[in-house]
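Using this note's numbering, you'd call the opening residue of the sequence shown number 647 and step up by one each time.
Note that CB positions come from ideal geometry on N, CA and C, so glycine has one too.
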Amino acid sequence: MMDAATLRSLLRRIVGQREEKARVVQEGVLFDVVACVGRTEHPAYEQASLLAAQVLASVAQHATPPMVLGLVRARAVDALVHAATALASDTSSSAALIEATLRALATVLTAVCDQIVYMPWHGLGSGPGSAMMSGLEHVQALPLMHLSHRPAPTWAAAGPSVATKEALTPERELHAQCWAAVQLTWSHLPTFAILAQHPAWTARVLEPVLAMLRVSLAALARAQPGPIDDQAVSPIAIPPALLDALYQAASIPAMQEASVWACQAVLACSSVVGSTDTLAEILRKASQHTSTAVRQAAYCALAYWPLAWGPMPVSPHTVLVQLLNAMTEREPRAFSTVFALRALLQARSALQKLAVYEHDVLAATISLLDATFSAIPSADAPPLDRTQPCPLRAREREIRMQEGGLYVLATLATEGDAMRRHIIEARPSLLRDRIVPLLACAVPGVQLAACHVCRVLSRTIGLLRTTLWDAHLAEYVLQLLQHGSAMLQTEALALLANLLVKYSPMQTWLLDHGGIDVVVACLRPATPTALQHRALWVLKNALWECEPAIRTRLLTAVPCDTLLAYTHVPEISLRAEALHVLRNATAASTDDEIAAVLARLNASAWQDVLVRSLHPTSAESVLVQAAYLLMNITASGAPWCDVILSEPTLVQSLCWLVQSAHPSLQEAGLRCGLNMLPMPSARDQLKALGYDVAVQACSREAPTTVYPYLEATMAYFYKTSPKASPTCT
């Protein structure tokens, strides 16, 4: 075991020295350091334990992925949690040791959370989370590190670590270990919060406990990292002990600001609390505080107040005005104000027009983007000096303000076509000179935000054909599609889905320059599910009402076997998207075009797809797409209708489709019949299998949207002569 003198020397060696920290990790020294944590049998051991905690905290500050991997492999979090729990059970424990242990745990936990989630109130910036890791190597490039033998302190009795170097890649191991560390800490956090009730420990314990609360909530609430689509968070129940700690901290002058920022985390992560009264009281008082910092924190927190919790403790309009006033402040927390403004406008869309037309938030946002633009390093900037503690830290505030400003702009643009045009008219050169160039900058958070702005603006076809085309957006998107970050690729695919719609001038350009080949590459089995889903979405949009020549090029580039395989995967969303791609591919304007598409698939292949998908137990989204795919096939003429009629299971599907409670399924079932009934042989077969009885039963409670199809279908069975032509969609 290392003694206090050795640990003190080690601490002096690594403070502020990234290379030394990396060397300590690589040499396996952390295992010996961790073995010293929590030892209190002798005063000398107690001093060594305190220094060991400080060493772990120093290594974790602005840690690179290899350093975090070294920390979790050495089970630093396990040791610190065990030590803090043991100290909490002994009222005679040293307050200084408790503080050092909890502060080390909070610092290590922050580094751990940085690897698996971004903080919604911080943005992504130049690296994940709140530690502002900039210019760091990607974990996929990490070698497997040599590990020394681990000693066996008492906390090791809990069993082996979640992932081992022999079982997984370093990237998967890092994610698994970090996730396990967060869950372990969260389970013990109420115990640490109770420590604050001890008068001698209150001031020392509350701050690290609140810090752990903030970062843990962000990790636990978001299973998938990244602000893509602002995916819904999983509500987390807040233990009463943690709410008590929040209220206790709010009553201590030195802790009031920290308590308000912790409240922000609770709100931003849609947490479940026993009563909202405690949080409402804390924030109401903080919004009237004499300290500017506390008031600003309160308004930032209030911006995340969930609609489901009822009225805000303070008027939303007041919060809007205060956030706008604070947006130009040159304080360290200014970027949190920008992200809070985005959250407020996103959750309360009624404020968007008010913010633009009465408070000129658009001009303030554009001014912010101008002021921080020069701080964003370009992709061809000189390499960062990685020997420094954090190369971009001096610019990180401006970087995150730029990112937040872009998201505010995107949120305003979601209001509608008129607002999107208003944004472009406010500064015609904004897109070309400011936003699009950021797609190629060296900061992932800013790239992602710029891509999101372009994606929202591209919803307006008029801008797609003019401003976005003139800004050479397609070229930048193609570069993003080949980026190493799955997060950026996913957002770029969402943007590409808009660029490939029917009226876009970029459709042909992207096809000519390999855009579809990159999309097809995202359909490989090893690709993350989010990328696969977006890739199918791109193909779905590209095939919708496209020109025959474009359809031919798309279907030539996309292997049919790949699309068919996706109709059988376990993930319902992927199956539905794959069926939607096939539906749009067969929604041609002439029988010959539909037949040409179907010819690429042999009859048994798409028969099998339909039989598997058109089953009463299938998910509704799968049923709808499969039903409309069947309808398109029935519109292609007699040969393909005969194939359908030769499969009794598909004909039976038509019977229960028309009796479904879902209007879309009813419509598809009726339109399938309309497409086939003009053929006498088909009419006889359908009648023999009870289709006419099913249609008659449907007529009793048919919604008005399907009644025209119902009336036309019944006319065939009552020997009238309806004027109906094959339909597809």
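Local Cβ density within 10 Å of residue i, reported as buried at 16 or more and exposed below that
i, result
"Glu687", "exposed"
"Leu889", "buried"
"Tyr1364", "exposed"
"Leu1182", "buried"
"Asp1158", "exposed"
"Ile1069", "buried"
"His1214", "exposed"
"Glu1347", "exposed"
"Val918", "exposed"
"Gly1108", "exposed"
"Met713", "buried"
"Glu1313", "buried"
"Asp1207", "exposed"
"Met1047", "buried"
"Leu1316", "buried"
"Thr938", "exposed"
"Gln1135", "buried"
"Tyr764", "buried"
"Ser1150", "buried"
"Asp1338", "buried"
"Ala1376", "Outside the displayed span of the chain (647 to 1375) sits residue 1376, for which this structure offers no information."
Spatial distance of residue i from residue j (CA atoms)
i, j, result
"Ala865", "Thr753", "15 angstroms"
"Ala720", "Leu1146", "49 angstroms"
"Gly769", "Gly1091", "7 angstroms"
"Ala980", "Gly1062", "28 angstroms"
"Ile1162", "Ala1017", "37 angstroms"
"Ser1264", "Leu1323", "27 angstroms"
"Ile840", "Trp1115", "59 angstroms"
"Thr652", "Thr756", "26 angstroms"
"Gln894", "Ala911", "17 angstroms"
"Leu1275", "Thr1113", "36 angstroms"
"Gln1034", "Ala709", "Unreliable placement is indicated for Gln1034, whose pLDDT of 46 sits below 50; the coordinate value is still reported in the next sentence. Roughly 11 angstroms between the two C-alpha positions."
"Gly775", "Arg860", "Any answer about Gly775 is weak, because its pLDDT of 47 lies below 50 and its placement is not dependable; what the coordinates show is given next. Approximately 11 angstroms between the Cα atoms of the pair."
"Asp1079", "His1118", "11 angstroms"
"Thr603", "Leu948", "The chain is shown from 647 up to 1375; residue 603 falls before or after that span and cannot be answered."
"Leu697", "Ser982", "34 angstroms"
"Ala1222", "Gln1271", "6 angstroms"
"Ser695", "Gln1093", "43 angstroms"
"Ala1251", "Gly1283", "18 angstroms"
"Val675", "Asp760", "23 angstroms"
"Ala1001", "Pro881", "29 angstroms"
"Val1304", "Leu1085", "49 angstroms"
"Ala1307", "Met1277", "18 angstroms"
"Trp955", "Ala699", "40 angstroms"
"Gln1125", "Ala1025", "12 angstroms"
"Ala1188", "Leu1103", "18 angstroms"
"Phe1019", "Ser772", "14 angstroms"
"Ala932", "Ala900", "13 angstroms"
"Arg659", "Ala690", "21 angstroms"
"Glu666", "Ser833", "33 angstroms"
"Leu913", "Trp767", "11 angstroms"
"Ala650", "Leu733", "19 angstroms"
For residue j and residue i, believed in contact at Cβ under 8 angstroms, the rounded distance
i, j, result
"Leu1008", "Ala1072", "5 angstroms"
"Pro959", "Ala989", "Not a contact, Cβ separation roughly 16 angstroms."
"Ala722", "Leu702", "5 angstroms"
"Leu1052", "Ala1120", "Not a contact, Cβ separation roughly 20 angstroms."
"Ile1045", "Ala1021", "6 angstroms"
"Leu1141", "Arg1101", "4 angstroms"
"Ala1132", "Cys1097", "That pair is no contact at about 13 angstroms."
"Leu1055", "Val1089", "Rounded, the Cβ-Cβ distance is 17 angstroms, inconsistent with contact."
"Met1065", "Leu1076", "Not a contact, Cβ separation roughly 14 angstroms."
"Val683", "Ala729", "5 angstroms"
"Arg1400", "Thr1106", "Summary: the structure shown does not reach residue 1400, with the chain confined to residues 647 through 1375, and so no result is reported for it."
"Glu853", "Ala904", "6 angstroms"
"Gly1319", "Leu1296", "Not a contact, Cβ separation roughly 12 angstroms."
Those residues which DSSP pairs with residue i across a bridge
i, result
"Met765", "Gly769"
"Ser1024", "Cys1087"
"Val918", "Ala883"
Within-8 angstroms CB hit, residue i to chain B
i, result
"Thr1057", "The chain labelled as chain B is not found in the depicted structure, where only one protein chain is given."
Whole runs of the beta strand (DSSP E) within the stretch 1202-1278, excluding any shorter than 3 residues: none
So within the stretch 680-707, which uninterrupted alpha helix (DSSP H) runs reach at least 4 residues, ignoring any that extend past its ends? 689-706
Note down, one range per segment and in chain order, each alpha helix (DSSP H) of at least 4 residues found wholly within the stretch 897-985. 902-914, 923-932, 938-948 and 962-972
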